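Student: 172 is the number that UniProt numbering gives to position 172 of the sequence shown; each next residue is one higher, with no gaps. By construction, the Cβ of each residue, glycine as well, lies at the ideal position given by its N, Cα and C atoms. Owing to the predicted nature of the structure, the values given are computational and were not obtained by experimental measurement.
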Amino acid sequence: MNKYLDAFIDAFTGTVEWTWKSIIFEVPWYTNYFWGLVVISLAVWLLEIAFPWRKNQSIFRKDFWLDGFYMFFNFFIFSIVISGFYKVLGLLFAEINITAKTFALFDISEWPMWGQLLIFFIILDFVQWFTHVLLHKYAFLWKFHKVHHSVKEMGFAAHLRYHWMENVLYKPLKTFGVMLIGGFEPEQAFIIHFITIAIGHFNHSNIKITWGPLKYIFNNPVMHLYHHAYTLPKGKYGVNYGISLSLWDYIFKTNYIPEDSGTIEIGFKGDDKFPKDFIGQNIYGFKKGQK
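Have a look at this one:
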């Protein structure tokens, strides 16, 4: 039992220390996700201000500060809290001989770095797309995903407005995706992480971008806005599930972009009764009778 407790404490304190070192610039710039997130956020926000898609939307839009809090909570505070649990789980799996390479379909460690990064990006994005579909399809998961869809005015920080329970689902599935390719992240994986943060910010921003012909590969704000649409096509529980890549939606016929004015209502039926504060939103899914 002591080894599990020690592992939990070591992981927790290590994550706290790494986060603090990031804040005071004592980690390499390319792994400094704290200031990386700040810089990307400011850059996309400035572009929103300079080139607004919905010109009547305030610079400090509805729930701007709440979304800002979610952004740092989910990216750092929750990561600190949960880190010890993941470390203990890793030890438990090791006890039954399940390691990072147990389910490897192929090992990309000998591939050129660009190939490692490409496969890493594609597989993780598909895992996230698939998980996103599940969040909409099953009522017990949708209860938690409602937090993300409670946004009523879209802006960059809405990207990371989500219930912490989503990490409980996403993290193991993303880890499984990594296990399939040999059980490790490429050395330059930070490039992919920063790219996905930027794409996610842009997808939720008040900027009209479609990427032209590349829209069939990369997700974009026009496409993602319809993912948040209040009114969905008849018989659909969701559309445009893409995270960084849109191609999964085109492949599996979940794409839907009827127009591009950017003026549609977003949210979900009953969102007027959904809690407006952080604590209320995060306990909503645990209450009996919620759907």
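Can the beta-carbon of residue 22 be found less than 7 Å from the beta-carbon of residue 32?
Tutor: Result yes, Cβ atoms of residue 22 and residue 32 sit closer than 7 Å.
Student: Which residue marks the beginning of the alpha helix (DSSP H) containing residue 272, and which one marks its end?
Tutor: From DSSP, residue 272 is part of no alpha helix (DSSP H); its letter is neither H nor E.
Student: Would you please state the rounded distance, in angstroms, between the beta carbons of residue 49 and residue 154? I believe it to be under 8 Å.
Tutor: Between residue 154 and residue 49 the Cβ distance is about 14 Å, and since that is not below 8 Å, they are no contact.
Student: Beta-carbon separation of residue 119 and residue 181 under 7 Å?
Tutor: yes
Student: Tell me the DSSP bridge mates of residue 218?
Tutor: 245
Student: What number of angstroms, rounded off, separates the C-alpha of residue 64 from the C-alpha of residue 137?
Tutor: 28 Å
Student: Here's the rule I'm using: 16 or more other beta-carbon atoms within 10 Å means buried, otherwise exposed. How should residue 67 be labelled?
Tutor: buried
Student: List the DSSP bridge partners of residue 229.
Tutor: 266
Student: Please classify residue 24 as buried or exposed, where buried requires at least 16 other C-beta atoms within 10 Å of its C-beta.
Tutor: exposed
Student: Compare the beta carbon distance of residue 192 and residue 121 with 7 Å and say whether it is the shorter of the two.
Tutor: yes
Student: With contact counted as at least three CB pairs below 8 Å, one residue from each stretch, are the segment 273-288 and the segment 250-257 in contact?
Tutor: no
Student: Closest to residue 61 by C-alpha separation, out of 186, 38, 177 and 156, would be which residue?
Tutor: 156
Student: Does residue 237 come out as helix, strand or coil in the three-state DSSP assignment?
Tutor: coil
Student: Ordered along the chain, which non-local residues of its own chain (more than five positions away) have a Cβ less than 8 Å from that of residue 16?
Tutor: 80
Student: Indicate whether residue 133 and residue 241 have their beta-carbon atoms separated by less than 7 Å.
Tutor: yes
Student: What would DSSP say about residue 42, mapped onto helix, strand or coil?
Tutor: Looking at residue 42 - three-state DSSP - the assignment turns out to be helix.
Student: Considering only the beta carbon of each residue, do residue 83 and residue 11 sit closer than 7 Å?
Tutor: yes
Student: Under the assumption that residue 144 contacts residue 285 (Cβ atoms under 8 Å), give the Cβ distance between them as a whole number of angstroms.
Tutor: 4 Å
Student: Buried or exposed, going by whether 16 or more other CB atoms sit within 10 Å of the CB of residue 124?
Tutor: Its Cβ being crowded by 16 or more others within 10 Å, residue 124 is buried.
Student: Where residue 140 and residue 165 are concerned, what is the direct C-alpha to C-alpha distance, given to the nearest angstrom?
Tutor: 11 Å
Student: May I ask you to report which of helix, strand or coil DSSP gives residue 179?
Tutor: Secondary structure of residue 179 (DSSP, three-state): helix.
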